[in-house]
Each structure stands twice: as structure tokens, then as C-alpha cells.
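>
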Amino acid sequence: MEYKRITLDYNSLEPYIDNKTLDLHYNAHYKNYTEKLNKYLKEQNYNYKYTPTYLAKNIDILPKENRDEILYNLGGYLNHSLYFYNLTDKKKEIPIKFKELINKYFTSFNNFKEEFINTANELKGSGYTFLVLDKNNNLRIINMSNQDIPYYYGFIPIMTIDVWEHSYYLKYNNKRNDYLTQIFNIIDFDKVYNLYIIATSQ
Ligand SMILES: [Fe+2]
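Numbering (my numbering), first residue to last: -17 to 184.
1) When DSSP labels each residue in this structure, what does aspartate 170 get in the three-state scheme?
2) Rank Leu121, Ile143, Glu82, Phe91 by C-alpha distance to the C-alpha of leucine 105 and give the top, closest one.
3) What residue does the beta strand (DSSP E) around leucine 69 start on, and which one ends it?
4) What whole-angstrom Cβ distance do arginine 40 and glutamate 25 have, given they're in contact under 8 Å?
5) Could you check where the alpha helix (DSSP H) with isoleucine 84 kicks off and where it finishes?
6) Is the beta carbon of proline 45 sitting closer than 8 Å to the one on tyrosine 175?
7) Is the segment 155 to 168 in contact with the segment 113 to 122, if contact means three or more CB pairs nearer than 8 Å?
8) Using 8 Å as the Cβ pair cut-off and three pairs as the minimum, do the segment 124 to 144 and the segment 52 to 71 touch?
9) Just confirm the distance between the C-beta atoms of phenylalanine 112 and isoleucine 99, as a whole number of angstroms; I'd bet it's less than 8 Å.
10) Taking the C-alpha atoms as reference points, what is the distance between tyrosine 65 and serine 183?
11) Report whether the distance from the Cβ of aspartate 144 to the nearest heavy atom of ligand 1 is below 7 Å.
12) How close, in whole Å, do the beta carbons of tyrosine -2 and isoleucine 179 come, if the pair is a contact with beta carbons under 8 Å?
13) Going by beta carbon distance, what residues of the same chain come within less than 7 Å of asparagine 167, once the five residues before and after it are set aside?
14) Considering only C-alpha positions, which residue in the set Phe171, Ser108, Phe94 is nearest to lysine 79?
15) Going by DSSP, which residues form a beta bridge with aspartate 42?
16) With distances taken from CA atoms, which of Trp146, Lys173, Thr163, Lys95 is nearest threonine 3?
17) Would you check if the distance between the CB atom of leucine 69 and the CB atom of isoleucine 169 is smaller than 8 Å?
18) Throw me the rounded Cβ distance for the isoleucine 52 and leucine 83 pair, which I believe falls under 8 Å.
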């Protein structure tokens, strides 16, 4: 069974992300990466035996032919899946347990937010900023270029903000910092914390 896009559990993220951007991002960009990934895999008679994350960690199980294209589109698929999953149209409190966890690594939630936004502002060209678990299950904020996948480098991502211009340019133009500040209002930290629990219980 081919890899499918996640289903959004919201119709609109206005006023933080305008509807046109959300529509193009989900229905054009994310769809395109998913379709290309499936197309390249089918050309190799891939049997969809592994999860996409397993494939990202073990890309050398595929023949060399088109491996770069598969990795690139697998990144477009996985990174966007996490980005859209992280977002919510519901006003939510940050879970206390997540705040305690964040305090342990970043002193306070506000410091975490500031460090995340600063890191995203420093990203050159296109890419994503991630909150990840490293090999010792410690939390870290990292940037990845283009469609590079944290799993490929041994990290487990639990939160991301897409910093490609297609994520924000229609509404925010070149004001990346405004987009980053606003999007923090619609990140569902229940989901982020859940991913942390899943990652640390494996
Ligand atoms: Fe994107």
C-alpha cells in the first residue's frame, strides 16, 4: 500500500496562516512530494514493507538507482507530515509535563521559543527547524537544509516548523520572524509531548 498524506484535523488556520497558503502547501507541495515518492518507489517495484521512518534510517536497503530522488521526496513527505500534524486550530494550554521537560533543557518555555525562533531565523536558504531527540534522548533544536530528514542523521523529530518560503511568503512576505512568532500560537504541544513519550518508550 503506497504512502499516504496525513489527514488534516482542521480546515483553516486563519489568521496565523492564510487559507491560500495552507491550501497550496497541503494540496500542491505536500501532495507533489508524496506522489513523486510513490512514483519512484513503484518504478523499483517497492513493496511498502517498511514504515517511511524506517526507510529514512535505512535508505541503503534500496537500489542505488534514484536513491537521491527517493530520499529527497521521502523528506518532503515526512517533514511535511510532521509539520501539518503539529498544527491545530484549537486554543490549547501547553501541558504541564511538557513545560517541565522544556524547563529542564531550555530553562523556560519562553527561552525555548526564543532559541527555536533564533535558530529558524539563522537557517540559510530553504529548510526546517526541528525539536529532536538525539541518540541519548536529550532534546535539541536543529536546522535541516532543503528536505534533509532528521531520522537519516540519527535524530527523532517531535516538532518542526517549515521555513521554506512557500510556508509563509503570501501572507508574511520576507518577514520570516513574524511567521515564526505567529505559528507558535497554533502548535499543539499535546501532540509534541505525545511524540516525545512514544520516542522515549521504544
Ligand atoms: Fe513546505
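Just so it is clear, CB atoms sit at the ideal spot from N, CA and C, and this is done for glycine as well.
Short version:
1) coil
2) Ile143
3) Taken as a continuous stretch (DSSP letters only), leucine 69 belongs to no beta strand (DSSP E), as it is neither H nor E.
4) At residue 40 the sequence reads asparagine, which differs from the arginine that was named. Incorrect: roughly 19 Å between the Cβ atoms, too far for contact.
5) 78 to 88
6) no
7) no
8) yes
9) Actually they are not in contact, since the Cβ atoms of phenylalanine 112 and isoleucine 99 sit about 13 Å apart, beyond 8 Å.
10) 22 Å
11) yes
12) Actually they are not in contact, since the Cβ atoms of tyrosine -2 and isoleucine 179 sit about 26 Å apart, beyond 8 Å.
13) Tyr(-2)
14) Phe171
15) In DSSP, aspartate 42 forms no bridge with anything.
16) Trp146
17) yes
18) That belief does not hold up - the Cβ atoms of isoleucine 52 and leucine 83 are roughly 34 Å apart, past 8 Å.
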